[in-house]
Structures are given as structure tokens and as C-alpha cells.
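**Student:**
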Amino acid sequence: MTAESESFQLSSGVTVVFEAMPHSESAAISVLLPAGAIRDNAGRVGTASILTEMLPRGAAGMSSRELCAALDNLGLQRHLSNSSAHLTFSGATTADRLLHAVPHIAAMIRSPHLEQNDFLASRDLVAQSLMSVEDEPRQQLSRMLRKCAYPAPWGNPSDGEADDLPAITLDDIHEHHQRYCSPRETIIGIAGNLELSAVRDSLEQAFGVWSGDELPQVACGDVVPSPCHVHHKSAQTQIGVAWHSVPVSSPRYYDAWAAVSLLSGGMSSRLFTEVREKRGLCYAISASLSCLKDEARVMACAGTTPERAQETLDVMVSEILRLHEGITEEELQRCRARARSSLIMQQESTSSRASSLARDMYLLNRIVSLDQIHEHIRAVTVDSVREFILQHPPQDMTLVTIGPAALDPAITQGAAS
Amino acid sequence: MRFEHRQLSSGLTLIAESNPAAHSVAAGFFVRTGSRDETPAVSGVSHFLEHMAFKGDELYSADDINRIFDEIGARYNASTSEEITMYYAAVLPEYLERTLELLTTLMRPSLRQDDFDMEKNVILEEIGMYDDQPSFTCYDNAMATHFCSHPLEQSILGTNESITALTSEQMREYHRQHYHTGNITLVVTGNFELETLLHAAEKYCTRIPHGEAGRPLPLLQPEKRIRLVTKEDAHQQHIMQMGCAPAGDNPLRYPAELLSVIVGDDSGSRLFWEIVDPGYAEACDLGFSEYDGVGAWMSYLCCEPETAAENLERCRLVLEDVISNGVTAEELEQARNKVAARVVLRGERPMGRLSSLGGNWVYRNEYRSVAQDLQVIRSITAEQIHDVLQQFPIRMNTTVGVGPLAELTVH
């Protein structure tokens with residue numbers, strides 16, 4: 010029913026995953042470089058974030074403005090971002106022009122200018138954006154929840170730590186680029202109305218001759234202890250809870266996915282129904298599965314005014330704790346239906362396909378076709394999800410709150426308040 | 403691509419663009435009502451009503467609506483702006499009829515008192531959530547200040563006070579006045595069979611009552627105004643400035659859009675190179691907003707409070723330079739290429755196509771295919787940009803700040 014994707018390696022070792030989408034007018038590319046925030050040195054959290062800001066500022070023989078003009082003239086909609094594991098370049102344009110952009114993308118990744126002036130400007134911009142996050146409790150919540158849910162450096166905020174920025178130097182940026190923007194472990198996802206041979210030639214020419222050292226192992230540190238409350242004179246209290254789940258590579262992953270989907274997969278899901286629809290406690294509430302390569306957490310967040318925050322926390326966590334109770338086939342069928350339509354609709358977007366191809370290759374070291382995912386989803390049953398939840402119960406919950414006052418964490422610690 | 407325009411027997415307008423290559427179909431009701439159509443006494447009612455639409459009618463409860471949309475795997479939601487309330491869903495083609503049935507249900511909600519009372523809490527929480535977002539506070543205040551005494555000054559969400567005081571009877575009355583065939587357009591795009599669509603639309607849309615369109619379209623008399631909302635504990639200063647731009651029915655809107663990209667796109671624009679690239683401000687951009695009967699330039703600056711005044715001056719100098727000297731041929735070509743690619747990429751998904759299709763129809767009663775849009779973008783000339791700058795020079799009369807600053811000098 011769906012297109013076949015292919016993967017191959019370039020001479021340099023870069024892994025490429027390609028999917029032809031012949032009915033599309035566009036094409037998209039997603040480059041995952043193993044240069045994310047987990048590679049920041051201790052006391053210099055923010056190095057990857059500054060490098061991300063600096064990459065487009067001139068490369069090879071082109072100035073920052075020339076590079077930008079070249080990509081704009083190719084119509085390339087693009088985005089550079091960094092997560093804990095990766096520094097990611099993603100771009101999309103009309104299918105006839107994407108491969109013309111590849112040499113420029115390669116130059117940006119491989120030969121960025123990384124000069125002192127741009128370093129100072131980039132560091133200032135990263136510092137300012139961290140200040141903005143401090144002003145917005147919802148954004149602050151996701152940073153804090155991550156820090157409390159994952160051990161360092163996986164929990165390190167990928168946008169950096171304000172206190173660390175002054176210590177970071179241009180040499181740190183050069184070193185980070187040199188070591189981690191390398192072909193080893195780099196993955197390129199590419200999808201759209203393109204021919205395999207043209208894709209192969211273009212990428213080989215741009216990324217084929219490229220060498221780099223083996224990447225060092227990442228040593229795990231500590232988590233920030235929770236319950237954790239950050240005082241903020243905000244209109245709402247932001248609440249975040251997290252607990253362990255299983256990563257994509259686990260044979261039980263689709264049960265884990267279904268469990269989160271029952272909680273928060275649509276407007277008929279349990280959290281939305283119980284917390285918002287029945288009690289009107291909040292506007293925004295959601296839970297999602299956050300997957301690293303070898304670990305995963307469920308993270309659930311809600312925002313509500315301080316006087317209703319305790320009730321919101323209590324109702325939210327009770328729903329989480331009773332998730333294994335009363336699961337019905339109809340409820341699960343809704344999760345399957347939503348997944349099915351979202352997988353099919355993914356085929357309408359070359360950008361979503363390119364990033365999913367690259368992400369799956371990173372998490373699983375292999376291609377997963379949409380048909381295979383459909384199969385896995387069909388195979389999930391009420392019994393398998395219930396069994397999964399009982400085997401991986403929401404316990405040892407991480408709790409983070411941001412707002413005018415802390416909450417009683419009792420319910421997250423196994424005792425009803 | 404094939405375009406259809408029908409008047410259903412109820413008098414409702416249906417427009418549809420089929421794309422057999424799509425995997426999904428998107429459908430939406432575009433209701434020509436929003437905060438500008440409210441009186442201050444019912445401020446926020448359009449948006450509150452949008453929430454209440456999902457509470458169902460005599461046949462379907464709120465739980466039913468959420469459950470059935472999820473059963474068919476719909477991506478669905480609604481949004482309220484100053485001028486349009488939009489209810490939409492993207493589904494796999496086999497669910498189009500069911501989707502139209504549900505969407506039509508949303509147009510005729512029962513507005514039960516207990517649902518109203520419960521949902522009021524959710525609206526108040528939504529207001530609280532946006533209160534904690536300085537850029538949103540800045541937008542809301544900029545609109546209120548720039549459009550002072552004009553219908554567009556009304557806040558979309560309303561205030562804690564207006565929502566608390568609002569009654570379900572007031573909402574019913576508002577619904578009666580605005581939810582009728584004169585104000586509602588059904589828009590469908592993507593993979594569908596025309597016969598199935600027409601059959602389902604006829605079957606379900608009969609319940610929408612007849613009515614005539616119309617909203618007052620006063621002109622704006624801009625005045626110089628500065629307003630500061632001081633948040634002592636905040637770190638960053640947010641500033642929005644607004645000035646007059648072409649209205650939604652003005653042919654200059656296309657060159658105006660391109661001009662805003664050249665001057666203030668979030669990367670590669672003049673403001674970007676002068677202010678963001680050197681690290682002076684975290685964000686500095688310029689947008690062009692078209693409304694019924696008026697239009698606005700809107701710039702946004704986010705920076706450290708100490709540098710706000712100098713950044714505003716940098717911003718002003720960039721704008722004055724454009725007004726005096728126009729743009730270069732290279733800049734124009736770069737903007738054409740950028741915008742053309744955006745149009746193609748957005749148009750690929752039925753869900754992305756729905757809003758341009760519906761917006762064009764509601765504002766201008768016109769249909770434009772992606773190819774026609776591209777043609778217009780490609781044909782924009784430096785002279786047209788010049789005309790925009792002559793008739794609507796990017797000079798800001800409104801300045802609104804949110805952040806630590808209690809004082810700000812604006813030239």
C-alpha cells in the first residue's frame with residue numbers, strides 16, 4: 010500500500026534513507042548530526058546551541074548573506090535545531106530544486122566559517138532566548154521536567170544553561186564542530202519526487218569524501234531531584250509529571266504507545282475528558298512519549314490557575330494511576346484509527362517523511378515501512394496494553410511545578426492526598 | 403485540480419477543490435464572525451461559542467462528538483480570529499460524509515446551561531495561559547491600541563470580567579445573529595467524489611438557517627499612540643509596532659506581502675541582517691495583516707530592555723531607507739522564490755490548502771488555484787512594490803511594549 014524506502018551508505022559512512030514520493034511536487038531532507046547537547050562539556054552546556062546558531066553564518070567560499078540568498082532562491086524552507094542527541098538540519102522545496110541545495114547544505118555542515126564576530130552575536134542570541142524562556146512558565150516547564158526525568162547529559166536542556174554561556178569560547182565551538190559534525194553516525198533522510206540514482210550521486214558528491222574520528226561514549230550523570238518547584242509570579246501554575254516507559258526498540262513499544270494514546274491521544278482520551286471536559290480544570294493538558302535511543306519517559310503536562318492546581322494534579326495523577334482499569338476495545342480502536350490516519354497523512358508531506366525516515370533509522374538502525382507500523386498497531390490488544398501497564402506501572406514519578414506556590418506531591422509518591 | 407462552486411438548497415455556499423492525488427480530504431466551515439463583530443458587553447463570545455460548538459446538540463453529546471471524531475481518526479479543531487471562526491477536520495476519504503455530519507452539528511449547538519458553566523472555567527484558564535505569554539499580551543494590547551474605537555480593537559479571548567459576566571442567553575442571541583447561510587461557507591479540498599460530497603452537504607446542511615451577510619467596515623483614523631504594560635520581573639522586552647497597510651480587498655496585498663518578506667521575514671530580511679544577525683535582538687520581524695476593509699503592518703521586536711530604544715531606532719532607520727530607496731531587483735527575486743516555494747509546500751496537504759481556499763473566498767469571493775497564485779507572485783514588479791510604499795509607507799503609529807520598561811522613547 011505504501012512506497013518502499015531504501016537505505017544505503019556513502020563512502021564516508023554517512024547513512025542515507027530515501028523514499029520516492031512520485032505524486033508529490035516537493036522534496037525534503039533531514040540531516041541528523043551526532044552533535045547535540047549531550048556532547049556539551051560539563052560547565053559548558055549551550056555549546057551545541059551556539060554552534061546551531063552559527064552554522065548558517067557563511068560557509069566555504071560564501072558569506073552568510075550569499076549562502077542565505079542561494080538557499081532562498083532555491084526556495085528552500087529550512088530549519089536548524091538541536092536536541093539532546095542531534096544537531097538537525099531540515100529543509101524542503103520543490104522537487105526540481107532540492108538536489109541543487111545539497112552542495113550548500115553540505116558546505117554549511119562541513120565548512121562553516123565559525124568566526125569570532127558571529128560567535129559573540131550567536132552567544133548573545135542564545136542568552137536572550139534563554140531569558141525569554143524564563144519569562145514563559147510553560148516553556149520553562151519542559152526544560153525542568155526533562156532535567157528531572159533524565160540523567161545528565163540526556164536531561165541537559167538542549168538550548169543551553171544561562172550560567173554556562175560566559176565560559177564557552179570560540180575554541181569550544183570549533184572543537185564541538187570538529188569532533189561531532191562528522192560522518193560517523195550521521196543520518197540523512199530524504200523523501201520526495203526524486204530518482205534514487207540522482208539522490209545517490211548528489212549526496213555522494215557532497216558528503217562522500219569526509220572523515221571523522223570515532224565518537225566517544227556518553228557517560229551518564231545525575232538527575233535533578235524532584236519534586237521540584239520553581240517560583241514564578243504567573244497567572245497559572247504549570248504542572249509536569251514524568252515516569253519510565255520503553256523506547257522504540259523495545260518489543261513492547263507499541264503497547265507503550267497505545268497506553269499513552271489512551272491517556273492523551275485525542276479529545277476523547279482520558280486526561281482530556283476527565284480533567285478538562287468533566288471538571289473544566291484547565292485549557293491545555295497532554296501526555297506524550299519521549300523517546301531516546303535506549304530510554305523513554307512519558308511526560309504529562311497541564312497548566313491551571315493556582316487555586317485549582319492541587320485538584321488538577323490529583324485528578325491527573327489518579328487517571329494515570331488507574332490507566333490499566335477498564336480499557337475497552339472501542340477505546341483502543343480509536344487510538345488505532347487516529348494512528349492509521351496520521352500515518353497515511355504523513356505521505357502527503359515530504360518533510361514529515363524525511364524526518365521520520367531519519368529518526369527511525371537513528372532509533373532502530375533499520376527502515377520501518379508505514380505498512381509495518383500499521384501491522385504493529387493492528388496487533389496491539391486490550392490485554393497486551395493492560396499487561397504492559399501492569400508490568401511498567403507509572404511509579405517513581407517525577408513532579409515539577411512552576412508558579413506562585415508548590416503543591417502537595419503525595420499523590421505522585423504512591424499515597425492519595 | 404478541479405474547482406466547484408455550488409449554492410446548496412439551504413442557500414449555503416459550498417466551494418470545493420478536488421485533488422485525486424491526495425490521501426486525505428479536509429473540510430471546514432468558515433463562519434464570517436469573530437471578535438470584531440462583538441459588542442464590548444459580550445467580549446470573547448465568538449471564541450467561547452467556538453468551544454461550545456463542540457458540546458453537541460439534541461442528537462450528539464459533547465462526549466459523542468469527541469468520540470466519533472476520534473473513531474474516524476480525524477485531525478480536527480477550530481479557531482477564532484478577529485474576523486473568522488473556522489471549524490475543520492482532515493480525514494481519510496471514506497469518512498467525508500460522517501465528518502460533514504459532525505461539522506454541521508457544530509454549527510447548531512444546543513448551548514446547554516451546564517455545559518456553558520463548565521466550559522466557562524476552561525475559557526478562563528485559556529485566558530490565564532495567554533496572560534503568561536508576554537508576546538501574546540503584546541499582540542492583544544497592540545491590536546487594542548492601534549484599532550482604538552474601531553471594531554478590530556476587541557480582544558479575541560475577552561477578559562476575565564467579560565467572560566465571567568457573559569450569560570448563555572447572550573451567547574444564544576449572538577449565535578442567532580451570526581450563524582446563518584449569509585455568513586457561513588463550506589470549504590472542502592483534497593480527495594473526494596463530487597457526488598458523495600454534494601449528497602452529504604445537501605443532506606446535513608439544510609439545518610443551517612437562512613440569513614444575509616453584512617458587517618460594518620469603518621475606516622481607521624490612525625493616531626500616534628504608545629502603551630507600555632510593565633512586568634517588573636520579566637527579563638526580555640517585547641515591542642510591537644503597527645501602521646496602516648492595504649486592506650484584504652486591495653490588489654496591492656500581494657506586493658505588500660512580498661515587501662514584508664523582503665523587509666521583515668524572520669531570516670534573510672533587512673531587519674534580520676541589521677538587528678538579529680548581529681545579536682542585538684532575539685527577534686525582529688515585520689508582518690502584513692489583511693482584514694475586512696483595513697490592513698496593518700505589524701513589527702515585533704524582542705530584546706533586552708536596555709537596548710529596546712536603540713533597537714527601535716535601528717528598526718525605524720531600516721524602514722525609512724526602504725521607503726526612500728525601495729528594494730533591489732535581487733531582493734525582489736529572492737522574495738518571489740521564497741514565497742512561491744511556501745505556496746507549493748503549504749498547498750500539498752489538503753489541511754494546508756483549506757485555509758487559503760476558504761480565506762480567499764470569504765474575503766474576496768474568488769478562487770485561485772496554486773498555479774494562479776504562483777503566477778501572481780512571479781509577476782510582481784518593483785513598480786508595484788513602489789506603489790505600496792507610496793500609498794502605505796511602513797511608518798508605525800502605534801507602539802506597545804510588554805516587559806520591564808516603564809518608559810520608552812519612540813522617534
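Just so you know, the protein sequences line up as chains X and R, in that order. Residue 320 in the working numbering is what sits at position 311 of the first sequence, and the numbering runs on without skipping anything. Residue 611 in the working numbering is what sits at position 209 of the second sequence, and the numbering runs on without skipping anything. Don't be surprised by glycine CBs; every beta carbon is placed ideally from N, CA and C.
#1: Take glycine 178(X) as the anchor and find which of Met63(X), Ser33(X), Leu341(X) has the nearest alpha-carbon.
#2: Under 8 angstroms, with one C-beta from each stretch per pair, do the region 391 to 398 of chain X and the region 139 to 149 of chain X reach the 3-pair mark?
#3: Measure the alpha-carbon distance for arginine 780(R) versus leucine 654(R) and round it to whole angstroms.
#4: For a test of the three-state rule: what should DSSP assign to isoleucine 294(X), helix, strand or coil?
#5: Drop a sphere of 10 angstroms on the beta-carbon of methionine 753(R), count the other beta-carbons inside from all chains shown, and report buried for 16 or more, exposed for fewer.
#6: Near asparagine 165(X), which residues of its chain fall below 6 angstroms by C-beta distance, leaving aside the five closest residues on each side in sequence?
#7: State the DSSP-derived secondary structure class of serine 362(R), mapped to helix, strand or coil.
#8: Inspect the beta-carbon positions of threonine 506(R) and tyrosine 656(R) and report whether they are closer than 7 angstroms.
#9: How would you label proline 511(R), buried or exposed, when you count the other beta carbons within 10 angstroms and need 16 or more for buried?
#10: Taking the C-alpha atoms as reference points, what is the distance between glycine 289(X) and glutamate 521(R)?
#11: Assuming alanine 647(R) contacts phenylalanine 794(R) (C-beta within less than 8 angstroms), just tell me the rounded distance between them.
#12: Please name the residue or residues paired with proline 121(X) in a DSSP beta bridge.
#13: Quick check: the region 596 to 605 of chain R against the region 466 to 484 of chain R, are there 3 or more CB pairs under 8 angstroms?
#14: Closer than 8 angstroms by beta-carbon distance: list the chain X residues that pair up with serine 426(R), in chain order.
#15: Please report how far the alpha carbon of methionine 153(X) lies from the alpha carbon of isoleucine 248(X), in whole angstroms.
#16: Which residues does DSSP pair with asparagine 91(X) in a beta bridge?
#17: What residues from chain R crowd round arginine 347(X), counting only those whose CB sits closer than 7 angstroms?
#18: For proline 43(X), count neighbouring Cβ atoms within 10 angstroms of its own Cβ and tell me buried if that reaches 16, exposed if not.
#19: Under a three-way DSSP split, which group does methionine 509(R) fall into?
#20: Between the region 260 to 285 of chain X and chain R, which residues of the former have a C-beta closer than 8 angstroms to a C-beta of the latter?
#21: Tell me which residues of the region 96 to 114 of chain X have at least one Cβ-Cβ distance to chain R shorter than 7 angstroms, keeping chain order.
#22: What does glycine 289(X) reach in chain R if we use C-beta pairs closer than 7 angstroms?
#23: Can you grab the Cα-Cα spacing for the pair threonine 103(X) / arginine 744(R), in whole Å?
#24: Assign aspartate 694(R) to one of two classes, buried (16 or more other C-beta atoms within 10 Å of its C-beta) or exposed (fewer than that).
#25: Indicate the three-state DSSP secondary structure (helix, strand or coil) for leucine 461(R) in the structure shown.
#26: In the DSSP assignment, what residue or residues form a beta bridge with phenylalanine 17(X)?
#27: Tell me the DSSP secondary structure of cysteine 550(R) in three-state form.
#28: In whole angstroms, what separates the C-alpha of lysine 457(R) from that of threonine 587(R)?
#29: Does alanine 215(X) have its Cβ less than 7 angstroms from a Cβ in chain R?
#30: Got a sec, what are the start and stop residues for the alpha helix (DSSP H) cysteine 717(R) sits in?
#31: What's the gap between the Cα of valine 324(X) and the Cα of serine 58(X)?
#32: Flag this pair as touching only if the region 208 to 219 of chain X and the region 13 to 25 of chain X have three or more C-beta atom pairs under 8 angstroms; answer yes or no.
#33: So the candidates are Arg716(R), Pro422(R), Ala480(R), Gly413(R); which of them puts its Cα closest to the Cα of glycine 430(R)?
#34: If you run the structure through DSSP and keep just helix, strand and coil, what is serine 426(X)?
#35: Can you tell which of Glu170(X), Gly52(X), Val208(X) has its C-alpha closest to the C-alpha of alanine 1(X)?
#36: Taking CB distances under 7 angstroms as the criterion, tell me whether glutamate 34(X) reaches chain R.
**Tutor:** Taking the geometry as given:
#1: Checking the sequence, you will find threonine at residue 178(X) rather than glycine. Answer by Cα proximity: Met63(X).
#2: At 8 angstroms Cβ cutoff, the stretches do not touch.
#3: Their Cα atoms are separated by approximately 14 angstroms.
#4: In the three-state scheme derived from DSSP, where H, G and I count as helix and E and B as strand, isoleucine 294(X) is classed as strand.
#5: By the C-beta density criterion, methionine 753(R) is buried, having at least 16 other C-beta atoms within 10 angstroms.
#6: So the qualifying residues of the chain are Ala46, Val54.
#7: Only positions 403 to 813 of chain R appear in the structure, and residue 362(R) is not among them; the question remains open.
#8: Note that the C-beta distance between threonine 506(R) and tyrosine 656(R) is not below 7 angstroms.
#9: Buried, by the Cβ-count rule.
#10: Taken atom to atom, the span from the alpha-carbon of glycine 289(X) to that of glutamate 521(R) is near 6 angstroms.
#11: Rounded, the Cβ-Cβ distance is 5 angstroms, consistent with contact.
#12: In DSSP, proline 121(X) forms a bridge with Ala68(X).
#13: No contact exists between the region 596 to 605 of chain R and the region 466 to 484 of chain R.
#14: Counting only Cβ-Cβ distances below 8 angstroms, serine 426(R) has contacts in chain X at Ser350, Ile353, Met354, Glu357, in chain order.
#15: Rounded to whole angstroms, methionine 153(X) and isoleucine 248(X) show a C-alpha spacing of 11 angstroms.
#16: Looking at the DSSP assignment, asparagine 91(X) forms a beta bridge with Leu96(X).
#17: Ordered by position in chain R, the residues that pass the 7 angstroms Cβ test against arginine 347(X) are Asp472, Gly475.
#18: Flag for proline 43(X) reads buried.
#19: If DSSP states are grouped into helix, strand and coil, methionine 509(R) belongs with the helices.
#20: Answer in chain order: Gly274, Gly275, Met276, Ser277, Ser278, Phe281, Thr282, Arg285.
#21: Under the 7 angstroms Cβ criterion, the region 96 to 114 of chain X contributes Ala101, Thr102, Thr103.
#22: The contacting residues are Met520, Glu521, Asn523, Val524.
#23: Their backbone Cα atoms lie some 9 angstroms apart in a straight line.
#24: Aspartate 694(R) comes out buried.
#25: Three-state DSSP puts leucine 461(R) in coil, outside helix and strand.
#26: Answer is Val25(X), bridged to phenylalanine 17(X).
#27: Here DSSP, grouped into helix, strand and coil, assigns cysteine 550(R) to coil.
#28: So the two alpha carbons sit approximately 21 angstroms from each other.
#29: For alanine 215(X), no CB of chain R lies under 7 angstroms from its own CB, so it is not counted at the interface with that chain.
#30: Looking at the DSSP string, the run of the alpha helix (DSSP H) that includes cysteine 717(R) is 710 to 727.
#31: Distance between the alpha carbons of valine 324(X) and serine 58(X) is about 37 angstroms.
#32: Contact between the region 208 to 219 of chain X and the region 13 to 25 of chain X is established, with three or more Cβ pairs separated by less than 8 angstroms.
#33: For the residues Arg716(R), Pro422(R), Ala480(R), Gly413(R), the minimum Cα distance to glycine 430(R) belongs to Ala480(R).
#34: Per-residue confidence for serine 426(X) stands at a pLDDT of 36, beneath the threshold of 50, marking its modelled position as unreliable; the derived number appears in the next sentence. Serine 426(X) falls in the coil class under three-state DSSP.
#35: Residue 1(X) lies beyond the stretch modelled for chain X, which goes from 10 to 426, so this question has no answer here.
#36: Yes, its Cβ sits closer than 7 angstroms to a Cβ of chain R.
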